[in-house]
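In the working numbering, the protein residues as written are 6 to 514.
Even for Gly, the Cβ is constructed at its ideal location relative to N, Cα and C.
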């Protein structure tokens, strides 16, 4: 985590945990006994620190997608010959399972989802046990815990399980939906994908009525964030009228004081050091574009800031071609040409030369902050794009393109023409999804899950059943609707939960 987060949530109660990764109850210096005590638990850094990130703050999920490329030198030397601690990125890129060592800790599971559950579940159980549990303050704290729990479980079940099939078979068992902080209770069994989706929806509806309009930091879900979670949830159920309803409500709530409160006009940005733009910080009107409480971040969770930049990877050519280099200021700020990977190994020189790289998350020289802070939670632009997608899928091209052109006003050079309404619904959806891909972070979980949900729409231009990657002259293929896009549980977890009936992963790593 960056220094800002540590300073913001410094002094938080820290806890030890018992041996079982799923059966955790905080124990430590303070036993919460009041609403304020439980409220403070929701500021713990463990909640935001490792959602689908490894201990080097990278995520191999993005390397399964079509957003990134790994060069021959990166693959053979940086990752393999140097035995990179992030070797999982390379294994994911070449679809070589297992992507991570099954006998080592699984940071997604142990440090991400289920570590945060000890806080959410203790807050929920603890607040409910208090005599003043029905006060507005208590209900607001409960709401934030329900929403945080739902967000974590929705993403986790889609990472460790198959895509949800609306109206189809969702009987595959994926993850346990742990809801109790009582360590005396037995470890729960695995729930089916349908059960997880039902539980998530129940938690979100429990959170919505009492969600606060404003929270003290975007790591804490407010009303607009809960509405956005419901919109996002229904992207996977394909109930696009519900996507529109919740995204529209979230956007209107967020922009009641003006769109300028939630979007940066990239025409108003500049470099603090225009002589060296690679290392320069970005200057924004409020000087917060590099912070988690950036104007555009609605719900903050740490993201992968390194993807797309030497030595980790490069943006794929397909990703680069999505941008209008002459007019789109995201291209000007995010996609910068710099010296690529170069090394000599075993008498062979690998030199990538000058390469376009993704500098959105690069740290500015002399700072501990990225140029642009990103989130794997929700940004306000994503809320607008969810509404646009809903309108496009409901065959309302005028409304969909109005949202796209609104966002582009804040991203393209002043005077750039609006996009015209496409001639077909399919073309409208395609334009909206391309804008979504440009806007969301290149790395982490968003594109991974988008590819999985698009994979159900076989034959559509945005749907891919096969992802092809290249390292030198070698070509590798991964199948979206297969085990290639489902992450197995680690042996650390399986050994502690033999009742699940899942054999240990004995594949060599």
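Cβ contact annotation for residue 308 (same chain, cutoff 6 Å, sequence separation greater than five): 379, 380, 381, 446, 449, in chain order.
The continuous beta strand (DSSP E) containing residue 359 extends over residues 359-363. Beta-bridge analysis with DSSP links residue 202 to no other residue. With a contact defined as Cβ atoms closer than 8 Å, residue 103 and residue 493 qualify at about 7 Å.
When the alpha-carbon of residue 348 is set against those of 365, 501, 315, the nearest one is in 315. Contact between residue 294 and residue 377 holds: their C-beta atoms lie close to 6 Å from each other, under 8 Å. Cβ neighbours of residue 333 within its own chain (closer than 7 Å, five residues either side excluded): 416, 417.
The way I'd put it, the stretch 111-129 doesn't touch the stretch 344-358; fewer than three beta-carbon pairs between them come closer than 8 Å.
Taking a C-beta distance under 8 Å as the contact criterion, residue 166 and residue 179 qualify as a contact pair. Between residue 94 and residue 68, the C-beta gap is smaller than 8 Å, which places the two residues in contact. In this model, residue 482 and residue 228 are separated by some 41 Å (Cα to Cα). Nearest C-alpha to residue 245 among 312, 292, 434: 434. Put simply, of 74, 470, 465 the residue whose alpha carbon is nearest the alpha carbon of residue 457 is 470. Cβ contact annotation for residue 125 (same chain, cutoff 7 Å, sequence separation greater than five): 150, 153, 154, in chain order.
The criterion of a C-beta distance shorter than 8 Å is satisfied by residue 359 and residue 344.
Partner residues in a beta bridge of residue 388, as assigned by DSSP, do not exist.
Taking a contact to require three or more Cβ pairs closer than 8 Å, the stretch 59-66 and the stretch 430-444 do not qualify as touching. The DSSP assignment places complete alpha helix (DSSP H) segments of no fewer than 4 residues inside the stretch 174-241 at 198-212, in order along the chain. Counting other Cβ atoms within 10 Å of its Cβ, residue 480 stays below 16 and is therefore classed as exposed.
With a 10 Å radius around the Cβ and a threshold of 16 neighbouring Cβ atoms, residue 174 comes out exposed. Taking 8 Å as the cut-off, the beta carbon of residue 319 is found closer than this to the beta carbon of residue 76.
In this structure residue 291 is exposed. Its beta-carbon is surrounded by fewer than 16 other beta-carbon atoms within 10 angstroms. The beta-bridge partner set that DSSP reports for residue 350 consists of 353.
When the beta-carbon positions are compared, residue 362 and residue 313 come within less than 8 Å of each other.
Relative to the Cα of residue 408, the nearest Cα in the group 172, 78, 268 belongs to 268.
A contact between stretches requires three or more CB pairs, one per stretch, nearer than 8 Å, and the stretch 397-408 fails this requirement with the stretch 279-290. Within 10 angstroms of the beta-carbon of residue 54 lie 16 or more other beta-carbons, which makes it buried. For residue 466, same chain residues with a beta-carbon under 6 Å away, outside a window of 5 residues either side, are 435 in chain order.
Distance between residue 226 and residue 305, taken at the CA atoms: about 9 Å. According to the DSSP assignment, residue 162 belongs to the alpha helix (DSSP H) that extends over 141-164. Here residue 475 carries a strand assignment [DSSP, helix/strand/coil]. Counting along the chain, the unbroken beta strand (DSSP E) around residue 304 starts and ends at 302-304.
Rounded to the nearest angstrom, the Cβ distance from residue 303 to residue 233 is 6 Å, consistent with a contact under 8 Å.
For a cut-off of 8 Å, the C-beta gap from residue 453 to residue 70 is around 6 Å, short enough to register as a contact. When the beta-carbon positions are compared, residue 460 and residue 79 stay at least 8 Å from each other. DSSP places residue 46 inside the alpha helix (DSSP H), whose first and last residues are 40-46.
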